[in-house]
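Let me begin by presenting the structure, written as structure tokens, before commenting on it.
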Ligand code: MEV
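Written out as structure tokens, the structure reads:
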């Protein structure tokens, strides 16, 4: 029996544009998904991500009887990378239990293939960050300095399908390519400037550019009134910056916050109907826990 766990993530900059090759910055967070794999009575697998991970490994070694249990702190369909975390934790656990011999890089890439098979289009972001942990600049996968500040997430409780929202943005881009491509490009420029600011630990300016990124996400049509209320409430309560994280539509917003202001920002989010989650960026990616 093997137990492994992998973290969820937030985007500081770049969701959606990263699908079209633009730079992005994403960070692993302390919420995790844990997967237990045993050789034994074959379990019924409901998650297409877990089924996809099992299929990938069964193409490499014989997997006759495998039993899988999942426990997660990461709300599903919320933009916090729950599907990548379950995919990566499953691949890592199968890799150990069945002695497959894959490296972490290979696991991140296999996980990306699983996400692409299930979702249609997917960037490497979620699976790479979940595997390696830390603050990662995409597409080069460069590791940046960690964030030494608070992260408050606001969950709308409305789950959204990444596949549907990514498709919706693709259609908007097809209809108005001359307008939407430059927006993707500016989002990429925000991530590039963000790289420099993260390395300096300049949270005030990171926050200001997160707010700019939010305006562009609204332009792509992935905002919602629930998300907007929480974003404005968090900014008013003193957050450095606040924006959607992940695909949008429903799901979550994220605020970067001075540790002393975390409670105030969390209660502002709750006062407009959000569920606040306190977390931090973590350097720990996928781990073998038992
Ligand atoms: C989803 O967490 C982020 C998107 O950019 C899709 C992806 O990168 O695969 C919307």
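In this note's numbering, the protein residues as written are 4 to 293. Glycine included, C-beta positions come from ideal geometry on N, C-alpha and C. The model shown is predicted, which means the values in this text are computed figures rather than measured ones.
Since I believe residue j is in contact with residue i (beta carbons under 8 Å), could you give me their beta-carbon distance rounded to a whole number of angstroms?
{"i": "residue 245", "j": "residue 213", "result": "7 Å"}
{"i": "residue 294", "j": "residue 169", "result": "The requested residue 294 does not occur in the structure, where the chain is confined to residues 4 to 293."}
{"i": "residue 158", "j": "residue 255", "result": "5 Å"}
{"i": "residue 293", "j": "residue 6", "result": "4 Å"}
Out of the options, point me to the one whose CA is closest to residue i's CA.
{"i": "residue 57", "options": "292, 271, 123 and 116", "result": "116"}
{"i": "residue 136", "options": "59, 123, 84 and 163", "result": "84"}
{"i": "residue 67", "options": "14, 92 and 100", "result": "100"}
{"i": "residue 86", "options": "103, 181 and 54", "result": "54"}
{"i": "residue 81", "options": "287, 289, 277 and 286", "result": "277"}
{"i": "residue 285", "options": "261, 6 and 147", "result": "147"}
{"i": "residue 274", "options": "259, 240 and 251", "result": "240"}
{"i": "residue 194", "options": "231, 162, 144 and 160", "result": "144"}
{"i": "residue 164", "options": "181, 128, 192 and 122", "result": "122"}
{"i": "residue 40", "options": "20, 8, 19 and 268", "result": "8"}
{"i": "residue 24", "options": "192, 111 and 287", "result": "192"}
{"i": "residue 19", "options": "250, 287, 272 and 289", "result": "250"}
{"i": "residue 120", "options": "105, 65 and 59", "result": "59"}
{"i": "residue 65", "options": "47, 38 and 98", "result": "98"}
{"i": "residue 171", "options": "232, 211 and 124", "result": "124"}
Compute the Euclidean distance between the alpha carbons of residue i and residue j, then round it to the nearest angstrom.
{"i": "residue 17", "j": "residue 43", "result": "42 Å"}
{"i": "residue 12", "j": "residue 133", "result": "7 Å"}
{"i": "residue 69", "j": "residue 10", "result": "23 Å"}
{"i": "residue 291", "j": "residue 270", "result": "35 Å"}
{"i": "residue 141", "j": "residue 126", "result": "9 Å"}
{"i": "residue 208", "j": "residue 27", "result": "16 Å"}
{"i": "residue 220", "j": "residue 196", "result": "17 Å"}
{"i": "residue 73", "j": "residue 61", "result": "19 Å"}
{"i": "residue 166", "j": "residue 248", "result": "15 Å"}
{"i": "residue 89", "j": "residue 184", "result": "32 Å"}
{"i": "residue 242", "j": "residue 160", "result": "21 Å"}
{"i": "residue 261", "j": "residue 206", "result": "9 Å"}
{"i": "residue 138", "j": "residue 258", "result": "16 Å"}
{"i": "residue 63", "j": "residue 217", "result": "42 Å"}
{"i": "residue 253", "j": "residue 228", "result": "9 Å"}
{"i": "residue 102", "j": "residue 95", "result": "10 Å"}
{"i": "residue 92", "j": "residue 149", "result": "22 Å"}
{"i": "residue 128", "j": "residue 267", "result": "31 Å"}
{"i": "residue 288", "j": "residue 131", "result": "9 Å"}
{"i": "residue 118", "j": "residue 14", "result": "17 Å"}
{"i": "residue 181", "j": "residue 187", "result": "11 Å"}
{"i": "residue 189", "j": "residue 272", "result": "28 Å"}
{"i": "residue 3", "j": "residue 162", "result": "With the chain represented from 4 up to 293, any question about residue 3 goes unanswered, as that position is not in the structure."}
{"i": "residue 342", "j": "residue 210", "result": "Nothing can be reported for residue 342: it is not among the residues displayed for the chain, which extend from 4 to 293."}
{"i": "residue 108", "j": "residue 52", "result": "18 Å"}
{"i": "residue 38", "j": "residue 179", "result": "43 Å"}
{"i": "residue 45", "j": "residue 114", "result": "22 Å"}
{"i": "residue 230", "j": "residue 111", "result": "30 Å"}
{"i": "residue 105", "j": "residue 47", "result": "25 Å"}
{"i": "residue 232", "j": "residue 50", "result": "32 Å"}
* Taking one C-beta from the region 274 to 284 and one from the region 151 to 165 each time, how about it: are there three or more such pairs within less than 8 Å? -> Flag = yes, the region 274 to 284 and the region 151 to 165 touch.
* Asked: Does the region 34 to 41 touch the region 67 to 81, meaning 3 or more C-beta pairs lie closer than 8 Å?
  -> Here the region 67 to 81 makes contact with the region 34 to 41; the two share three or more CB pairs at distances below 8 Å.
* Asked: Is there contact here, the region 185 to 203 with the region 228 to 237, by at least three beta-carbon pairs under 8 Å?
  -> No, they do not touch.
* Asked: Counting pairs of beta carbons, one from the region 222 to 232 and one from the region 161 to 175, are three or more of them closer than 8 Å?
  -> Taking 8 Å as the limit for Cβ pairs, the verdict is that the region 161 to 175 does touch the region 222 to 232.
* **alpha helix (DSSP H) runs wholly inside the region 203 to 257, at least 4 long, in chain order** => Runs of the alpha helix (DSSP H) lying entirely within the region 203 to 257 and spanning at least 4 residues, in chain order: 206 to 222 and 228 to 239.
* To do: Starting from the N-terminal side, write out each stretch of the alpha helix (DSSP H) that is 4 residues or longer and does not extend beyond the region 124 to 190.
  => Within the region 124 to 190, the complete alpha helix (DSSP H) runs of at least 4 residues are 128 to 135 and 165 to 178.
* Which full runs of the alpha helix (DSSP H) of 4+ residues lie inside the region 18 to 69, going along the chain? -> You should have 51 to 61.
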